[in-house]
Amino acid sequence: MSQPELWVIAERRLAHIEPTTQQLITKAKSIAGTTFKVVTILLEAPTDHLEDELTPYAPDEIRIARDERFPTATDAEQADALAQLVATDHPNTILFGATITGRSIAPRLQAKLQTGLTADCLDLRFDDDTLVATKPSYGDNIMCEIICPDRRPQMASVRPNTFVAHPATGTPTLTVVTVTFHPVERLQITATTPVVNTATTVSDASRVIALGRGAASETTITTATQLAEKLGGRIGVSRPLTDQERFTHDDQIGQSGNTIHPELILNFGISGAVQYLVGMQTAQTIVAVNADEHAPIFDVADYGYVGDAPAFMTALLEQFN
0 MSQPELWVIA ERRLAHIEPT TQQLITKAKS IAGTTFKVVT ILLEAPTDHL EDELTPYAPD
60 EIRIARDERF PTATDAEQAD ALAQLVATDH PNTILFGATI TGRSIAPRLQ AKLQTGLTAD
120 CLDLRFDDDT LVATKPSYGD NIMCEIICPD RRPQMASVRP NTFVAHPATG TPTLTVVTVT
180 FHPVERLQIT ATTPVVNTAT TVSDASRVIA LGRGAASETT ITTATQLAEK LGGRIGVSRP
240 LTDQERFTHD DQIGQSGNTI HPELILNFGI SGAVQYLVGM QTAQTIVAVN ADEHAPIFDV
300 ADYGYVGDAP AFMTALLEQF N
């Protein structure tokens, strides 16, 4: 009897694979055990060979459907192609990145398959062959475990940077399959303009200055802005600071905001509620400054300082100057 398949849908961003794909492959391999076969599904043009960006992460198989129209295909056209593959291969589980593209394609595929989709997950595991997807709910005050016991395939999308991608040993099998491309006549992508990545969002930044209630004054925010410029980074905030006009949901870190994986995050005046921690705990280096020595942020910090956050920030900026 063949192994049930756990699919990761590869997402392209212009001419490359969107990094959430590799993150999902790593997670899929960690929860698949010996029960599931991890298969990455790739829709690409015949000349693309984006599988080269997936091979180092060693899924069991990379299953490729090729058509010269896939690079400019609409979300509806991609969902149609994926539905054809599902009808042929009958996977147990399908994973998407909860990106702009993934959040559009996944529910379209779900509707075609009449199955369950758990969106914006923060963790995944299996109970036998049932996917248990963890996500925040009820105003982000609790974490819910959601299952789809009666329908297959079961589907989930996962926020970018929730997991960390790790290259793995092993050589995946490459399989080319055939699908019929069904154009959607009422909508066509005529051009795509690349945007230069200047870390304009906190989720893209490799260095983050994170501010909480204990560092919310105008003077402190000005100092933080100068420090971010010195570090070549970006300011992020905990949820309470999004009530200020100068910050938006795009700046927020945490369950109801962005999940980030920077090289360095400096947390000023943030106590470290669980809703915040899940959004930044995979950062490579975590620094915390807080006046409360019992603040939960110190439990995940690599380096901590108990004291006044604005004063520490000012002293640090003086060192750079």
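Take the sequence shown: its position 291, counting from 1, is numbered 290 in numbering that gives the first Met the number 0, and each next residue is one higher. For each residue, glycine too, the CB sits at the ideal point set by N, CA and C. Source: prediction; values computed, not measured.
Can you tell me whether S202 is helix, strand or coil according to DSSP?
Taking the sequence shown and counting its residues from 1, one reaches residue 202 at position 203. Residue state, collapsed to three classes: coil.
**Item:** beta strand (DSSP E) segments (min. 3 residues) lying fully within the region 36-77
**Value:** For the region 36-77, whole beta strand (DSSP E) runs of length 3 or above, ordered along the chain, are 36-43, 60-65.
Could you tell me if L186 is buried or exposed, where buried requires 16 or more neighbouring beta carbons within 10 angstroms of its beta carbon? The residue labelled residue 186 in the question sits at position 187 within the sequence shown. Around the C-beta of L186, fewer than 16 other C-beta atoms lie within 10 Å, and the residue is accordingly described as exposed.
Sort P135, R11, D298, G96 by Cα distance to M154 and report the nearest one.
For the purposes of this step, residue 154 is taken as residue 155 along the sequence shown, with counting starting at 1. Comparing Cα-Cα distances from M154 to each of P135, R11, D298, G96, the minimum goes to G96.
Which whole-angstrom value describes the C-beta separation of M312 and A223, a residue pair presumed to lie in contact below a C-beta threshold of 8 Å? Reading the sequence shown from its first residue, position 313 is the one you call residue 312. Reading the sequence shown from its first residue, position 224 is the one you call residue 223. Their Cβ separation, rounded to whole angstroms, is 6 Å, which keeps M312 and A223 in contact under 8 Å.
For this session: Only counting runs of 3 or more residues, tell me where the beta strand (DSSP E) segments fall wholly within the region 106-157, in order along the chain.
Result: As far as the region 106-157 is concerned, its whole beta strand (DSSP E) runs of at least 3 residues are 116-120, 122-126, 129-136, 141-145, 153-157.
Near E262, which residues of its chain fall below 7 Å by C-beta distance, leaving aside the five closest residues on each side in sequence?
Counted from its first residue, the sequence shown places residue 262 at position 263. Once the five neighbours on either side are set aside, the close Cβ partners of E262 are S205, R206, Q283, T284.
message: Given the structure, does A72 come close to the ligand MN, in the sense that its CB is under 8 Å from one of the ligand's heavy atoms?
response: Absence of the ligand MN from the depicted structure is noted, as is the absence of any ligand whatsoever, leaving it without description.
* Is the beta carbon of T39 less than 9 Å from the beta carbon of R11? -> One-based indexing of the sequence shown puts residue 39 at position 40. One-based indexing of the sequence shown puts residue 11 at position 12. Judged by beta-carbon spacing, R11 lies beyond the 9 Å limit of T39, meaning their Cβ atoms are not closer than that value.
Are there 16 or more other CB atoms within 10 angstroms of the CB of Y302, so buried, or fewer, so exposed? What you label residue 302 is simply residue 303 of the sequence shown in a count that begins at 1. Classification of Y302: exposed, given that the 10 Å Cβ count is below 16.
Inter-residue spacing [alpha-carbon to alpha-carbon] between T71 and P182: Taking the first residue of the sequence shown as 1, we reach residue 71 at position 72. Taking the first residue of the sequence shown as 1, we reach residue 182 at position 183. Here the alpha carbon of T71 sits roughly 11 Å from the alpha carbon of P182.
Taking 7 Å as the limit between beta carbons, can you name the residues of its chain near T179, skipping five residues before and five after? Residue 179 sits at position 180 when you count from the first residue of the sequence shown. Here T179 has Q83 as same chain residues with Cβ atoms under 7 Å from its own Cβ, once five neighbours each way along the sequence are excluded.
request  = Mind checking which residues open and close the alpha helix (DSSP H) that includes V380?
outcome  = With the chain covering only 0 through 320, there is no way to say anything about residue 380.
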